[in-house]
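Note that the working numbering numbers the sequence shown so that position 270 is 293, with each residue one more than the last. See structure below.
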Amino acid sequence: MPQQEHFAVLTVDDDPAIRRTLRAVLEDEGHETGEASNANEAYAALEKRRWDAVLLDLTMPGEHGLDALLRIREQAPDTAVIIVSGESTLENAVKAGQRGAFDFVAKPIRDPEHLLGVVREAVKLTRLRRGVGEVAAAAATAGAGGAEGSEAAAAASLGIIGQCPAVDRLREQIRRVAPSNGRVLITGENGAGKELAALAIHGLSKRAAGPFVKLNCAAIPKDLLESELFGYEKGAFTGAVTTKKGRLELADGGTLFLDEVGDLALDAQAKLLRAIETGEIERVGGTRTSKVDVRLVAATNKDLAAAVKAGDFREDLYFRLNVIPIFVPPLRERKSDVGRLASYFLARFCAAEGRAPMSLSEDARELLEEYHWPGNVREMRNLMERAVVLVSGESITAADLNAWLETPPEEGEDAGLKGKVARSEIDSI
């Protein structure tokens with residue numbers, strides 16, 4: 024199993040007990056932590072090193088957290104800041120969002136997994152913003168120079184590596200649609216990079232300082248999807264011991280990414296459609312509606328047009344979501360990028376594991392370029408991480424990789440979503 028990626032988080036809180044709690048939650052997952060008891064200590068910690076995320080309290084001796092938030096955003100503009108506070112009022116949440124906070128988590132921390140999920144999403148945005156330096160360094164490690172090195176640095180502004188025509192088109196489409204408020208439907212196979220495209224759209228949009236909230240529609244049981252989307256009031260059902268905001272409410276002022284939207288149940292589709300049309304939501308068990316300002320970006324590996332014909336997806340919702348279609352090409356159609364991606368991931372995981380740089384032998388590179396990549400970029404990432412951990416030498420050969428690659432499908436077998444509808448629509452944008 025691939026190792027979980029680790030990151031560094033700075034906690035800023037005057038309460039030692041809270042700092043200990045947050046440190047335990049993060050370090051149990053293998054993450055590196057740092058602590059500051061007030062704003063001045065936080066500024067000093069940010070001077071000494073780069074942090075992937077900052078957990079910031081509001082009420083501290085000296086400078087208030089909302090004022091500290093502004094300075095932290097100036098001092099470390101690419102670092103995501105999450106407010107963790109007992110002052111969980113609507114006014115504070117709005118002010119925090121206006122000043123560039125990624126999200127607002129209420130104390131006490133009753134759901135560590137929710138906090139970890141917020142931190143993971145925040146770090147994705149941080150690393151998207153830092154992509155220029157990271158990808159340029161990887162390109163240098165891979166021996167890229169001149170125009171190729173410049174291409175890697177330019178590509179990094181979106182966090183998308185590659186220079187084949189299909190990837191060039193993808194980046195151009197993202198740059199064109201990101202500044203708008205139009206809803207986007209991203210299609211492509213599993214592992215092709217749909218979430219990365221969604222993050223790039225958010226990061227280049229006018230909402231970049233607002234939250235990026237993700238909901239994987241395929242991973243949530245159908246009877247819980249409504250409460251995840253819209254939230255619930257205390258006592259709405261057995262186990263609802265507190266009021267909880269839904270993903271639409273959490274994404275207010277930012278972007279909601281609905282991954283695998285084709286797996287939404289029909290009743291949830293109807294309620295989502297109403298929220299899109301009215302801009303209003305009502306929590307499960309509630310009686311009041313509230314306005315939300317959310318940009319929707321959806322993704323699917325299914326042919327939604329076919330699902331509409333089969334009666335599995337609402338036609339009106341499909342047209343609401345499919346305002347701007349974007350197709351993420353599979354890796355097997357990006358053969359010229361395979362070596363570049365492999366070198367990037369090798370450099371990244373060698374650095375993470377503290378290993379000397381590793382390289383691919385010529386036969387390993389040829390093997391990877393001829394492979395059919397059923398798991399796409401995600402499979403490439405996992406394969407390179409496995410090689411860094413298990414291969415003892417400095418050069419990775421075809422013999423090292425062969426046992427980890429799947430047998431190609433028989434001729435005529437379905438290789439996955441080809442995106443024919445999405446392609447034709449996109450080419451006309």
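Virtual Cβ for every residue (Gly too), placed ideally from N, Cα, C.
Residue 137 sits exposed, since fewer than 16 C-beta atoms from the chains shown fall within 10 Å of its C-beta. In this structure, 369 is the residue among 401, 369, 426 and 104 with its C-alpha nearest to the C-alpha of residue 418. Nearest Cα to residue 44 within the set 269, 314, 199 and 135: 135. Taking a 10 Å sphere around the C-beta of residue 225, we find 16 or more other C-beta atoms and assign the residue as buried. By the CB criterion at 7 Å, residue 128 and residue 79 fall outside the cutoff. Residue 204 is classed as exposed because its beta carbon has fewer than 16 other beta carbons within 10 Å across all chains shown.
Closest in alpha carbon position to residue 237, among 256, 260, 283 and 266, is 283. Residue state for residue 63 is assigned as helix, using DSSP reduced to three classes. The alpha carbon of residue 287 has as its nearest neighbour, out of 251, 130 and 28, the alpha carbon of 251. Taken through DSSP and simplified to helix, strand or coil, residue 44 comes out as helix. Contact check for residue 208 and residue 344: beta-carbon distance about 5 Å, within the 8 Å limit, so the pair qualifies.
DSSP places residue 253 within a helical segment (H, G or I) once states are collapsed to three. The region 217-224 and the region 245-259 do not touch, with fewer than 3 CB-CB distances between them shorter than 8 Å. When DSSP assignments are scanned along the region 185-258, the uninterrupted stretches of alpha helix (DSSP H) that are 4 or more residues long and fall wholly within it turn out to be 188-200, 217-226 and 245-253. A straight line joining the alpha-carbon of residue 151 with that of residue 392 spans about 26 Å.
Every unbroken stretch of the alpha helix (DSSP H) spanning 4 or more residues and falling wholly within the region 82-121 is given here in chain order: 88-98 and 113-121. Membership of residue 323 in the beta strand (DSSP E) is indicated by the continuous run 318-323. Residue 324 and residue 197 have their C-alpha atoms roughly 19 Å apart. Here DSSP, grouped into helix, strand and coil, assigns residue 267 to strand.
If you check the CB distance, residue 148 and residue 99 do not come in under 7 Å.
Taking the C-beta atoms as reference points, residue 375 is found no nearer than 7 Å to residue 424.
The beta-bridge partner set that DSSP reports for residue 278 consists of 235 and 318. Residue range 76-79 is occupied by the beta strand (DSSP E) that includes residue 79.
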